[in-house]
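*Asks:* Quick one: structure below, then a few questions.
Protein chains in written order, with the numbering used here: chain L, 55 to 417; chain F, 55 to 417; chain D, 55 to 417; chain H, 55 to 417.
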């Protein structure tokens, strides 16, 4: 059983290789009556698009999305929604020389071992380009969640050793104002400089993204296995470069006593907690407080520094120098993907929990 | 769509409330021909059992497992396997006074909000007792994986501020020699003292568990969504007290350059990596190196110190003092559960990938 | 991927071999707040029970059901509901002599080929005894559907060459008044005589059951694959002895013109059809008219007449004479199973479609 | 939870409305290494294509398929395969006048009731045009099954009152030689005349298709719910015009004794049955004999004779006369769809059962 379908009731199937004809998604389970346009989706795709700043890859893709089905007279039909983007600026030639040389920390080796055959051009299906389809589907999930006033905001909190200061929820969207998507504009400058520095070295750098979801209705999440935090963890961990996930206080809980970590209750119209160490989720179910997720993103594995590898045909050890057009820091482009996975996951649970009617919405 | 089923082909359905009649699991998708006995399962349950040491709860449950179906003449039939444990030492009385007082960082509030009705005795379905069924199913997954020589070992690496020294893979199983399940015996002593100290305070403490899986065949994991790391993250994050998951270098990748984080390849009969920052998973597929997962476990929320809460009937703010029998540190008992979720997840992928025949195994 | 789980959101997992310890079901996805008792379930089990009349097997099982979880203070919790019946009157000895002789039209051969190992006692998992778990789960589905006033009624319309006269909906429940469960009491008598006749011959006989579901809300069914009729067909065809399924006019449509088969519309408060050739389903979605399904049930394959078979060890052709306690006509006992599968299927769709809240019902 | 995904491991997601931009399918779970070309798919689409003979609709669609992903250098990659056909010859105008008039035995009414909003042009998603995507996916399933030498052949056995004579398996493919796809060429002539006759009347006619699958390995099917016959029944019953399904002897079993219906065993290298009343399936598992399914197909509901309906806006009763281009008998065009659903179902089980490696095939 392969794994190109995500979600249980808002189900997203994606397809597409980096240098194939097209990349896209089909969504099964979006209710009828939701206003959706190609612009709604394009806006999100543009945030993930290559070439959007000088700290991203220079691959030039407009990534223009086309809705093939499921929308009629500007509204969803309740039928499956197909979304597609043609691949245009494909430079496959730079991959031919390294066809048999698996790139360290890429999926070349494991795809070869698993399938015995692979599209080596630009990483094929294992390319980050695959995430375009997630962002497209996520745009629809976001639109659907807007019915509940749910808002999902990502922002960079760390690049290398540079950490952002804590910023109030209301100001998080300022993250969109700079190339690294950090809401602390001062830290953002230092981060950008750090990225430019490693770029010059032919190297890359990692970081941490925080995704915050607000106005979440209480009750989302399905114990004991399909807990909200469990599916969120799956969702973001399924993104290519992610190596760690924290909910609320995350790994900090290890050093704490119960009396420090417990979120005590108070009442102001509804039951709330003074603190939010639990990140908005108790027993796998949302409690109405903001959901807070931190995501560790590894440095782009494609670097131009020489690295040791093994030839897949000769089994000889060789040195690889990766050319092509790569992001020195993938963090700002992975962020919309993290948001998309969070949006898809929450949309899925909102339908599962009955907050959104599975057949028909009216806004 | 509720969420009491885990796995896609090795599917585990669990049932049972803490103070109900019984807790159990049904496994759909275990191949025929696997030798399995109640002893195989009991051994694992005993590692999770309450009352196993003086740093765990004093609830006295023998947790004797019974196999109800799916096994004939000592071997699995390929049919669904039902496992059950009766609940015996139930002290429901201590819960009546706090029936309407949600305990901070417990699921009382969210279950009440979601289902409008709950079994308040001992946390009902949201109790840690639910994980017994995971461990029982995990014992079968471990037995199944033993066909491939896969071994799954958990050990505590941190309790509060006490961190264990790094221990070689070969010595990890020594973790079983002490109550806190830490392979560094010296750190274990300090950890136990720390737990005893917080216990006296009526408080609790968190920690970090590492689970290592060795002899993993390359090829496990199903991109782009059902990646091995994604499902592992879901599996462990679905355990009640878990707030963070790391694969390989985890959050450390944020501070690294690509040249530091990439695992270069060499060849000695098969292609291996010098380092294992990727934690044995590339592109969501196992590469044959050990799988390394770190899991952050929060301090037990049940503490006897007074805490603020809100009455579910009157909406008045009140103070709660939790009595009953609780673990001052749940880490050593959560560990077998983490191992179980890792085992179930890997077993699922081993069948999905064709490493284990779905119908019939012979050992 | 094995197949012991039925349904998408009201998910029923069953377990149990005919001569093992127990048979049972776990239901994931029944909303909280539904009043349910062991009596509700027992009533349905008694309709399927062996030994209920002199035209059924003499195996003497009381089939007393026990609810293990998911119900508290007489109401469902929204958690998984485990139901169990112990096997008592097990006569395994009669099966030892025919251990290696597959019985014609039984699953002995195919289980042996698929799993390489089987519980030969009483057919093991392939025994009709497995359907007990379906009926138990179906009882809960029926109770859940009673919220919508949905009623599901099965009745025998044919045994061998004996056909029942058409009976009005209101009188269908009279089928319970005789051993063969035929609403036409006169035909019932002839049917019973026919069954007694074939029983004396050491033979068996087939029949047709009709299941009618009334008060069905419009809108149930999920095109284009999970259509209501498609899942109903799967549900009843998954019952051991079923070889054919018809919706509405069924195979009669082949001989008709469109002008004869189309159900024209009229209006009396809601849009209805004059005729019901479509059996209450259009485009895979319920239209509010009664759902009508016909199910062909084969003659019990266990007969005492000598039959040709092949020894699984020696591959020699041999003659088999089946002893043990068998139903000369399984139709009246399969009927509650058909009803159960219809009930489970419709309950599943009623939640999927939002007619029943997935978390909480109040009656 | 919507229903546009079919299959458990060979999973087909389809999309597309009749008069939207495109219709297509995405296949998740086709192993790598399978040679597949657009021609392989086109060949099957041409059998379903409108306008292929003078007894089919005159809508003129070439239905040219494009593979968007999942195939590289002529072979599958093990990644998701996207297939697409643009809609070209769209005549939406004829539907505007009947926008509010649900056509009898069409899904207009039920879509309106379920989704509250629908694409009324050509039936939208409920159009038979949706089945194009099934046939495209089925072509890949057939190619995959060719590895096991499995062959799936459909042929018409009845149109109205005209029944075909029984034809030997070897001659079934001759059905392709006439417009009605009947292997009995003499009956075919009569059938065609009958269709032409009802066409002149502005009426339509139903029929029965038989699908035979040969060289099926024993062991396919997953009891107790995902039995081979159960999933086949679901698969064909999910096709728009199907109202009945029979496996093997089907409804004839009702009239038979066990001694007449049982298939006795003999041995000639493998264990076979003299007769095949069970249609190749015992206990839900294939036994190696040919699988035989009969499918009842209703007369096309679109007829030009006046019919009674109810206006969806005014709730007034009106008369509808359906114009547009319709098939007087849909049987010969539904047949490739039946074959496709059978192929997809069997491919799914062949992977589930381990007969086909889930990752990689080599032919």
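Built from N, CA and C at the ideal position, the CB exists for glycine as well.
1. Pull up the distance between the alpha-carbon of residue 229(L) and that of residue 222(L), whole angstroms please.
2. In terms of residue numbering, what span does the alpha helix (DSSP H) encompassing residue 320(H) cover?
3. For residue 287(F), which residues from the same chain have a beta carbon less than 7 Å from its beta carbon, with the 5 sequence-adjacent residues on both sides left out?
4. Quick check on residue 361(F): does DSSP put it in helix, strand or coil?
5. Can you name the start and end residues of the alpha helix (DSSP H) that residue 82(H) belongs to?
6. Who are the neighbours of residue 291(F) on chain D, taking C-beta pairs under 8 Å?
7. If I follow the unbroken beta strand (DSSP E) through residue 98(H), where does it start and stop?
8. Taking 8 Å as the cut-off, does the segment 151-158 of chain F touch the segment 359-373 of chain F (at least 3 CB pairs, one atom from each stretch)?
9. Can you name the residues of chain F whose CB is closer than 9 Å to the CB of residue 395(D)?
10. At least one CB of chain F closer than 8 Å to the CB of residue 173(D): is that the case?
11. Cutting at 6 Å between CB atoms, please list the residues of its own chain near residue 219(F), excluding the five before and the five after it.
12. Should residue 151(L) be flagged as near chain D, meaning a C-beta pair shorter than 8 Å?
13. Is the distance from the Cβ of residue 138(L) to the Cβ of residue 116(L) below 8 Å?
14. DSSP three-state call for residue 286(H): helix, strand or coil?
15. Do the segment 259-276 of chain L and the segment 201-219 of chain L make contact, defined as three or more Cβ pairs closer than 8 Å?
16. Which term fits residue 146(D), buried or exposed, when burial requires 16 or more other beta carbons within 10 angstroms of its beta carbon?
17. Would you say residue 280(H) and residue 59(L) are within 8 Å of each other, going by their C-beta atoms?
18. Using a Cβ-Cβ cut-off of less than 7 Å, list which residues of the segment 97-126 of chain D approach chain F; keep chain order.
19. By Cβ distance, which residues of its chain are closer than 6 Å to residue 140(H), with the 5 residues on each side in sequence left out?
20. Do residue 122(H) and residue 171(L) have their C-beta atoms closer together than 8 Å?
21. Quick one: what does DSSP say residue 405(L) is sitting in, helix, strand or coil?
22. From residue 102(D) to residue 249(D), what does the alpha carbon distance come to, in whole angstroms?
23. Between the alpha carbons of residue 97(L) and residue 105(L), how many angstroms are there, rounded?
24. Determine which residues share a DSSP beta bridge with residue 325(D) and list them.
25. Report the option in 296(D), 330(D), 307(D) and 333(D) whose CA atom is closest to the CA atom of residue 350(H).
26. What span of residues does the beta strand (DSSP E) with residue 230(F) cover, start to end?
27. Quick one: grab the DSSP three-state call for residue 310(H).
28. Residues in its own chain within less than 6 Å of residue 303(H) by CB, not counting five upstream and five downstream?
29. What number of angstroms, rounded off, separates the C-alpha of residue 337(L) from the C-alpha of residue 275(H)?
30. Output the distance between the C-alpha atoms of residue 254(D) and residue 261(D), rounded to the nearest integer angstrom.
31. Between 216(F), 377(F), 289(F) and 339(F), which has its C-alpha nearest residue 295(L)'s C-alpha?
32. In chain order, what residues of the same chain have a beta carbon less than 6 Å from the beta carbon of residue 154(H), not counting five sequence neighbours either side?
33. How would you call residue 393(F), buried or exposed, if buried means at least 16 neighbouring beta carbons within 10 angstroms?
34. Secondary structure at residue 356(D), three-state DSSP: helix, strand or coil?
35. Chain F beta carbons: is any one of them nearer than 8 Å to that of residue 411(H)?
36. Use the C-beta contact count for residue 375(D): other C-beta atoms within 10 angstroms, 16 or more gives buried, fewer gives exposed.
*Replies:* From the atom records:
1. Linking residue 229(L) to residue 222(L) through their CA atoms gives a straight-line distance of about 12 Å.
2. Bounds of any alpha helix (DSSP H) do not take in residue 320(H); it lies within the beta strand (DSSP E) bounded by 319-321.
3. Within the same chain, residue 287(F) has close Cβ partners 299.
4. Looking at residue 361(F) - three-state DSSP - the assignment turns out to be strand.
5. Not the alpha helix (DSSP H): residue 82(H) falls in the beta strand (DSSP E), residues 76-82.
6. Within chain D, no residue comes near residue 291(F); the closest Cβ sits about 19 Å away, beyond 8 Å.
7. Under the DSSP assignment, residue 98(H) falls outside any beta strand (DSSP E), being part of the alpha helix (DSSP H) whose first and last residues are 92-102.
8. Touching, yes.
9. Under the 9 Å cutoff, chain F gives no residues; its nearest Cβ is about 18 Å from residue 395(D).
10. Yes, residue 173(D) lies at the interface with chain F (some Cβ there is under 8 Å from its Cβ).
11. Taken in chain order, the residues that qualify are 238.
12. Answer no: the Cβ-Cβ gap between residue 151(L) and chain D never drops below 8 Å.
13. By the CB criterion at 8 Å, residue 138(L) and residue 116(L) fall outside the cutoff.
14. Helix, per DSSP.
15. In this structure the segment 259-276 of chain L touches the segment 201-219 of chain L; the number of beta carbon pairs closer than 8 Å is three or more.
16. By the Cβ-count criterion, residue 146(D) is exposed, with fewer than 16 other Cβ atoms from all chains shown falling within 10 Å of its own Cβ.
17. Judged by their CB atoms, residue 280(H) and residue 59(L) are not nearer to each other than the 8 Å cut-off.
18. For the segment 97-126 of chain D, the beta-carbon criterion of a distance under 7 Å to any beta-carbon of chain F is satisfied by 122, 123, 124 and 126.
19. So the list reads 76, once near-sequence residues are dropped.
20. Taking 8 Å as the Cβ cut-off, residue 122(H) and residue 171(L) do not qualify as a contacting pair.
21. If DSSP states are grouped into helix, strand and coil, residue 405(L) belongs with the helices.
22. If you take the alpha carbons of residue 102(D) and residue 249(D), they lie about 18 Å apart.
23. Their Cα atoms are separated by approximately 15 Å.
24. DSSP lists 321(D) as partners of residue 325(D).
25. Residue 307(D) is the option with its Cα nearest to residue 350(H).
26. Annotation for residue 230(F): no beta strand (DSSP E) segment contains it, and DSSP assigns it neither H nor E.
27. Here residue 310(H) sits in coil by DSSP.
28. Answer for residue 303(H): 331, listed in chain order.
29. Near 38 Å, if we compare the C-alpha coordinates of residue 275(H) and residue 337(L).
30. The alpha-carbon of residue 254(D) is positioned some 18 Å away from that of residue 261(D).
31. Distance check between residue 295(L) and each of 216(F), 377(F), 289(F) and 339(F) places 339(F) closest, using alpha-carbon atoms only.
32. Same-chain partners within the cutoff: 365, 366 and 367.
33. Burial of residue 393(F) is indicated by the presence of at least 16 other C-beta atoms within 10 angstroms of its C-beta.
34. In the structure shown, the three-state DSSP call for residue 356(D) is coil.
35. Closer than 8 Å to some Cβ of chain F, the Cβ of residue 411(H) qualifies, so yes.
36. By the Cβ neighbour-count rule, residue 375(D) is exposed, with fewer than 16 other Cβ atoms within 10 Å of its own.
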